[in-house]
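*Asks:*
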Ligand SMILES: Nc1ncnc2c1ncn2[C@@H]1O[C@H](COP(=O)(O)OP(=O)(O)OP(=O)(O)O)[C@@H](O)[C@H]1O
Ligand SMILES: [Mg+2]
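Residue numbers (the numbering used here): 60 to 485.
#1: Can you tell me whether residue 102 sits near ligand 1, meaning its C-beta is under 7 Å from at least one heavy atom of the ligand?
#2: Which residue's Cα is closest to the Cα of residue 527: 160, 372, 330 and 252?
#3: At a threshold of 7 Å, does residue 332 count as lining ligand 2 (C-beta to nearest heavy atom)?
#4: Can you give me the C-alpha to C-alpha distance between residue 229 and residue 267, rounded to a whole angstrom?
#5: According to the Cβ coordinates, are residue 273 and residue 430 closer than 8 Å?
#6: With H, G and I counted as helix, E and B as strand and the rest as coil, what does DSSP make of residue 225?
#7: Leaving aside the five residues before and after residue 308 along the sequence, list all residues of the same chain whose C-beta is less than 6 Å from its C-beta, in chain order.
#8: Could you check the C-alpha separation between residue 120 and residue 215 for me, to the nearest Å?
#9: Scan the segment 355 to 424 and note each continuous alpha helix (DSSP H) run of 4 residues or more that stays entirely inside, going in chain order.
#10: Measuring alpha carbon to alpha carbon, tell me which of 271, 237 and 192 ends up nearest residue 217.
#11: With a threshold of 16 other CB atoms inside 10 Å of the CB of residue 426, please say whether the residue is buried or exposed.
#12: Per DSSP, what kind of secondary structure is residue 235 in: helix, strand or coil?
#13: In terms of residue numbering, what span does the beta strand (DSSP E) encompassing residue 311 cover?
#14: Which of helix, strand or coil does DSSP assign to residue 318?
#15: Measure the alpha-carbon distance for residue 417 versus residue 375 and round it to whole angstroms.
#16: Using 7 Å as the cut-off, classify the Cβ of residue 423 as near or not near the heavy atoms of ligand 2, replying yes or no.
#17: If we ignore side chains and look at the alpha-carbon of each, how far apart do residue 249 and residue 269 end up?
#18: Got a sec, what are the start and stop residues for the alpha helix (DSSP H) residue 339 sits in?
#19: With the cut-off set at 8 Å, would you say residue 332 and residue 312 are in Cβ contact?
#20: Whose CA, out of 100, 223, 150 and 176, lies closest to the CA of residue 192?
#21: Under the DSSP definition of a beta bridge, which residues are partnered with residue 430?
#22: Who does residue 153 pair with in a DSSP beta bridge?
#23: Within the present structure, is the beta-carbon of residue 374 separated from the nearest heavy atom of ligand 2 by less than 7 Å?
#24: I need the straight-line Cα distance from residue 197 to residue 171, nearest angstrom please.
#25: Closest to residue 83 by CA distance: which of 96, 94, 104 and 354 is it?
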């Protein structure tokens with residue numbers, strides 16, 4: 060899940076400090092203390108309300124330290140600004156002259172600690188403690204948000220899966236009857252063309268419903284042991300220049316093989332979908348990176364294979380980020396089906412993995428996938444699929460390209476995908 064703007068930087072990283080203080084000397088003293096205490100602090104000093112408001116809005120800090128009274132500004136106003144900003148970051152009063160009552164009132168209003176300038180020894184432990192608390196509040200919020208999202212996607216999946224399942228059965232009848240009639244009609248019968256059109260549309264409908272079934276994990280997938288690095292390499296080769304000359308497409312593959320158990324054609328489709336999304340997000344070019352590595356997330360958990368697809372594109376707003384995994388959610392009204400990320404979600408979760416998005420407007424998007432690593436033994440050789448990709452994998456996937464068809468039908472798994480110019484969706 061993406062970190063909110065008010066996230067506390069880990070104490071191993073740099074800490075952004077906003078100091079509301081009219082004395083430069085005092086600010087330097089505070090920062091020196093913190094740095095001597097082992098905290099890597101970058102700070103900004105403000106002494107007026109408008110400057111404080113602007114700093115909170117444009118450069119959200121990890122912590123605020125405020126003097127009690129400055130000419131025309133003070134800790135009460137600073138605290139109110141912080142509250143209004145919606146940031147959940149610690150606020151510590153560091154002041155020389157303040158009565159007990161005022162300090163208590165400020166603590167009641169939400170300040171986290173009060174330190175006298177004469178007693179700065181307490182500063183470093185207080186800042187460390189409050190940053191730790193802020194970080195655990197943030198982690199808890201993220202977990203709650205993740206849980207809410209998983210619940211929402213699960214219930215959407217059940218609903219959409221039920222509809223798709225029934226709809227698929229009806230389409231199967233349409234297709235079956237059309238086939239029967241085609242078999243009965245003489246080769247030169249006028250109605251053959253109409254029946255062909257009915258068949259084609261019904262097949263496209265069936266392909267769409269299959270993608271919904273993948274999202275809702277009702278489509279029986281065919282997991283096999285395969286090397287993620289190999290699939291990434293094949294996919295990159297198949298895409299070739301289709302991402303456009305103005306996009307630098309690089310892969311940074313961890314030492315392999317990286318074996319996972321997943322449906323090969325769905326993993327290929329997933330990668331292609333993510334690459335297409337990134338391509339669409341970089342209309343003026345940029346950099347697309349696919350990275351893989353192994354990771355051991357926790358001592359008691361098994362090893363995982365991690366895969367990132369990162370772009371330097373337009374990024375997503377908070378509301379796009381919130382809905383991006385939902386089926387049929389798209390901001391590309393002209394050509395998007397909104398099924399790319401939702402089926403990616405289904406494929407990854409069906410394989411026991413996790414998928415998350417990180418994105419910042421104007422900076423780019425990273426899709427993070429982690430899959431349980433399996434034994435190296437009996438890895439399926441590349442392209443060793445017994446039968447042609449079914450369902451989703453067999454449909455043509457239309458990719459934005461520099462113009463014209465780029466690859467044809469090839470023997471390699473990803474070669475099955477038709478790569479064409481334009482942004483048409485299926
Ligand atoms: N890399 C990205 N950068 C910015 N926005 C993205 C990115 N990937 C997805 N999105 C946003 O998430 C939405 C949903 O993505 P998804 O792949 O599910 O559907 P789509 O791309 O709109 O349609 P389709 O996949 O059928 O072409 C997109 O419409 C877009 O707004
Ligand atoms: Mg897409």
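Note that the Cβ used here is the ideal one computed from N, Cα and C, for glycine as well.
*Replies:* This is what the structure gives:
#1: no
#2: Since the first residue shown for the chain is 60 and the last is 485, residue 527 is missing from the structure and cannot be characterised.
#3: yes
#4: 14 Å
#5: no
#6: helix
#7: 302 and 347
#8: 37 Å
#9: 377 to 382 and 399 to 409
#10: 271
#11: buried
#12: helix
#13: 306 to 311
#14: strand
#15: 9 Å
#16: no
#17: 32 Å
#18: 323 to 340
#19: no
#20: 150
#21: 364
#22: 174
#23: no
#24: 16 Å
#25: 104
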